[in-house]
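> Residue numbers (this note's numbering), protein chains in the order written: chain X, 24 to 251; chain W, 24 to 251.
There are 2 protein chains.
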Amino acid sequence: MTRVLVVDDEPQIVRALVINLKARKYEVDAAADGAQALELAAARHPDVVVLDLGLPDMDGVEVIKGLRGWTRVPILVLSARHSSDEKVEALDAGADDYVTKPFGMDELLARLRAAVRRAEPAAGAGGDEVVVETEDFTVDLAAKKAVREGRDVRLTPTEWHLLEVLVRNGGKLVSQKQLLQEVWGPSYGTETNYLRVYMAQLRRKLEADPSHPRHFITEPGMGYRFER
Amino acid sequence: MTRVLVVDDEPQIVRALVINLKARKYEVDAAADGAQALELAAARHPDVVVLDLGLPDMDGVEVIKGLRGWTRVPILVLSARHSSDEKVEALDAGADDYVTKPFGMDELLARLRAAVRRAEPAAGAGGDEVVVETEDFTVDLAAKKAVREGRDVRLTPTEWHLLEVLVRNGGKLVSQKQLLQEVWGPSYGTETNYLRVYMAQLRRKLEADPSHPRHFITEPGMGYRFER
DNA sequence: CGGCGGCGTCAAGGGTGCGTCAGGGATGGC
DNA sequence: GCCATCCCTGACGCACCCTTGACGCCGCCG
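(1) Does W/Ala118 have its Cβ less than 8 Å from a Cβ in chain X?
(2) Output the distance between the C-alpha atoms of X/Val139 and X/Arg26, rounded to the nearest integer angstrom.
(3) Please list, in chain order, the chain X residues whose beta carbon lies closer than 7 Å to that of W/Arg134.
(4) In terms of alpha-carbon separation, which member of X/Asp75, X/Glu130, X/Leu114, X/Gly194 lies closest to W/Arg141?
(5) Drop a sphere of 10 angstroms on the beta-carbon of W/Arg191, count the other beta-carbons inside from all chains shown, and report buried for 16 or more, exposed for fewer.
(6) List the residues of chain X whose Cβ lies closer than 9 Å to the Cβ of W/Ala39, in chain order.
(7) Could you pull out every residue in the same chain whose Cβ sits closer than 7 Å to the Cβ of W/Glu33, ignoring the five residues on either side in sequence?
(8) From W/Arg104 to X/Glu158, what distance separates their C-alpha atoms?
(9) Identify every run of the beta strand (DSSP E) within the segment 142-217 of chain W, keeping only runs that are complete inside it and at least 3 residues long; order them along the chain.
(10) Are the C-beta of X/Thr179 and some C-beta of chain W separated by less than 8 Å?
(11) Go to W/Val96, then tell me how far its alpha helix (DSSP H) extends in each direction, as first and last residue.
(12) Would you please verify whether the beta carbon of X/Ala64 is less than 8 Å from any beta carbon of chain W?
(13) How is the alpha helix (DSSP H) around X/Arg26 delimited, first residue to last?
(14) Restricting to Cα atoms, I'd like to know which of X/Val84, X/Gly212, X/Arg227, X/Leu44 is closest to X/Gly117.
(15) Check whether chain W comes within 8 Å of X/Gly127, counting only Cβ atoms and requiring the distance to be less than that.
(16) Counting C-beta neighbours from all protein chains within 10 Å, is the total for X/Ala148 16 or more, i.e. buried, or is it exposed?
(17) Can you name the residues of chain W whose CB is closer than 7 Å to the CB of X/Ser107?
(18) Closest Cβ-Cβ distance between X/Ala137 and chain W: below 8 Å?
(19) Strictly below 8 Å CB to CB, what residues from chain X border W/Pro209?
(20) Does W/Asp108 pass the burial test, meaning 16 or more other C-beta atoms within 10 Å, or should it be called exposed?
(21) Pull up the distance between the alpha-carbon of X/Thr161 and that of W/Val162, whole angstroms please.
(22) Which ranges does the alpha helix (DSSP H) cover as unbroken runs of at least 4 residues, wholly within the segment 30-105 of chain X, from first to last along the chain?
Here you go:
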């Protein structure tokens, strides 16, 4: 689900945005001033920020610069100012789009979709290693592809999900409960037999010698660990 | 140097843009209609496109769709229409920004800088392959043409759109939801029966043996993948 | 030495997703 | 106004995936 951070000090505008966004299945956080905005952005890692420039505690452009110091998240600026200079300043500070109030909700939502859409590929490349290689096989998380001895390995959705969690936590121990909850959902946690079955599948499809696994390692009583 | 493609049928607007852009050390191509725009885009690979929606030969939205079939180049739309519907349509078709005439040159240039800036990292990837060949058929994304055994293959608009998304993500798995949203619109996501029908069409028209597809591969429960 | 818990393996069942086909409705061109 | 084309929809059969249970093995502890 796409997460939006709404920053505005006027409650009625925030309310209107929140209602419209939630109705369209966005997850929404809201901040009323710049400090809160920067804090929430750091804590929640939104996929897009809607930012009013007229904030009580600090200049909106400073908020943009604060965000741009560490993230490329799309920033959509709202402002009552029509002045060209303000727009140029905000855009050059790192904003992605600039909408003047009063704005049409349809247009705003369309601009929001556009901003999220073009940020999509960058999200996958966001510093993470997408391709993981071991001596025996290769996993491409972006393409959802596993290759062993030059041939593609077919994995079922559940197998993929499990493999993904393990690989993303590469080297670290992942507890059984955590695996169950991430793959099967939050209401699971004790069905360790699922793990046994699917770990066996993964080993059979990827390990060179499934009975003596080198990459999918069992930590008895605790969980599993992926080692390259 | 940044290369800009300007598309507008009004000579004085083109002239104003060209002068301003060249003064700021952009390299500029200009097109007066949609057909010429698509042609120049394919030939010159601009870093950003400035597109007037009111063209003499075709609807501006069609130009956007034509470009989006094979490239993610930023598209900045110019238009005299202030209607919200027009903006939404253009943005959802794949435009990155929408500026209404009359526009301030400073603002336009700032929006252009913003569009170019955020496209920068993706430019290095250079995934702009326009013609894709397989053992069994050839797809030319720019010319919107598919050839199999020396003959042109007729594809319906929806079939094309689906093929485009798959080919553009060549080798990568594309989830069912992503396919549905890109081809049928943002409000779709669960109608997997559409996909089944149209994937069957594509396979029937392009695969050598439609019942044993080699290029349009199903990943059960997850999505589809194009392999050359 | 015997019991016990955790793990790996295997096989079978029920359910779900996928491919296929055909028909109705909408749309656009002549 | 007619006709062709394209999109959507439903039904059906099949293959595959998830789940579940049983069984044997190993290490640990009493």
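We put the beta carbon where it would ideally sit given N, CA and C, even for glycine.
Computed from a predicted model, the values in this text were never measured in an experiment.
From the atom records:
(1) Your numbering for residue 118 of chain W matches position 95 in the second sequence. Judged by the 8 Å Cβ criterion, W/Ala118 is in contact with chain X.
(2) For the purposes of this step, residue 139 of chain X is identified with residue 116 of the first sequence, where counting begins at 1. For the purposes of this step, residue 26 of chain X is identified with residue 3 of the first sequence, where counting begins at 1. One C-alpha to the other measures close to 10 Å.
(3) The residue labelled residue 134 of chain W in the question sits at position 111 within the second sequence. Annotation: Cβ neighbours of W/Arg134 in chain X (cutoff 7 Å, chain order): Leu114.
(4) Position 118 of the second sequence, counted from the start, is the residue given in the question as residue 141 of chain W. Of the candidates X/Asp75, X/Glu130, X/Leu114, X/Gly194, the one whose C-alpha sits nearest the C-alpha of W/Arg141 is X/Leu114.
(5) For the purposes of this step, residue 191 of chain W is taken as residue 168 along the second sequence, with counting starting at 1. With 16 or more other Cβ atoms within 10 Å, it is buried.
(6) Stepping through the second sequence from its first residue, residue 39 of chain W is reached at position 16. Chain X residues near W/Ala39: none, gap ~16 Å exceeds 9 Å.
(7) Here residue 33 of chain W is taken as the residue at index 10 of the second sequence, counted from 1. Excluding sequence neighbours, W/Glu33 sits near nothing in its chain.
(8) Numbered from 1 along the second sequence, position 81 holds the residue referred to as residue 104 of chain W. Numbered from 1 along the first sequence, position 135 holds the residue referred to as residue 158 of chain X. If you take the alpha carbons of W/Arg104 and X/Glu158, they lie about 59 Å apart.
(9) Complete beta strand (DSSP E) runs here, min 3: 154-156, 161-163, 168-171, 196-198.
(10) Counting from 1 along the first sequence, the entry for residue 179 of chain X is found at position 156. Chain W, which has a Cβ nearer than 8 Å to the Cβ of X/Thr179, makes this yes.
(11) Here residue 96 of chain W is taken as the residue at index 73 of the second sequence, counted from 1. Careful: W/Val96 lies outside any alpha helix (DSSP H) and carries neither H nor E.
(12) The count along the first sequence starts at 1 and reaches residue 64 of chain X at position 41. Between X/Ala64 and chain W, the shortest Cβ-Cβ separation is not below 8 Å.
(13) Translated into positions along the first sequence, residue 26 of chain X becomes position 3. Segment 26-30 is the beta strand (DSSP E) holding X/Arg26; no alpha helix (DSSP H) there.
(14) Within the first sequence, residue 117 of chain X is the residue found at index 94, counting from 1. Taking only the C-alpha atoms, the option nearest X/Gly117 is X/Val84.
(15) Translated into positions along the first sequence, residue 127 of chain X becomes position 104. Put simply, the CB of X/Gly127 is near chain W, with a gap under 8 Å to one of its CB atoms.
(16) Counted from its first residue, the first sequence places residue 148 of chain X at position 125. Per-residue confidence for X/Ala148 stands at a pLDDT of 44, beneath the threshold of 50, marking its modelled position as unreliable; the derived number appears in the next sentence. With fewer than 16 Cβ atoms within 10 Å of its Cβ, X/Ala148 is classed as exposed.
(17) Here residue 107 of chain X corresponds to residue number 84 of the first sequence, with the count starting at 1. Those within 7 Å of X/Ser107 in chain W are Gly127, Asp129, Glu130.
(18) Residue numbering aside, residue 137 of chain X sits at position 114 when the first sequence is read from its first letter. Chain W contact via Cβ: present.
(19) On the second sequence, position 186 is the one that residue 209 of chain W refers to. Taking a Cβ-Cβ cut-off of 8 Å, the neighbours of W/Pro209 in chain X comprise Arg136, given in sequence order.
(20) Your numbering for residue 108 of chain W matches position 85 in the second sequence. Its Cβ having fewer than 16 others within 10 Å, W/Asp108 is exposed.
(21) In the first sequence, the residue the question calls residue 161 of chain X occupies position 138. In the second sequence, the residue the question calls residue 162 of chain W occupies position 139. Their backbone Cα atoms lie some 29 Å apart in a straight line.
(22) Qualifying alpha helix (DSSP H) stretches, in chain order: 34-46, 57-67, 83-91.
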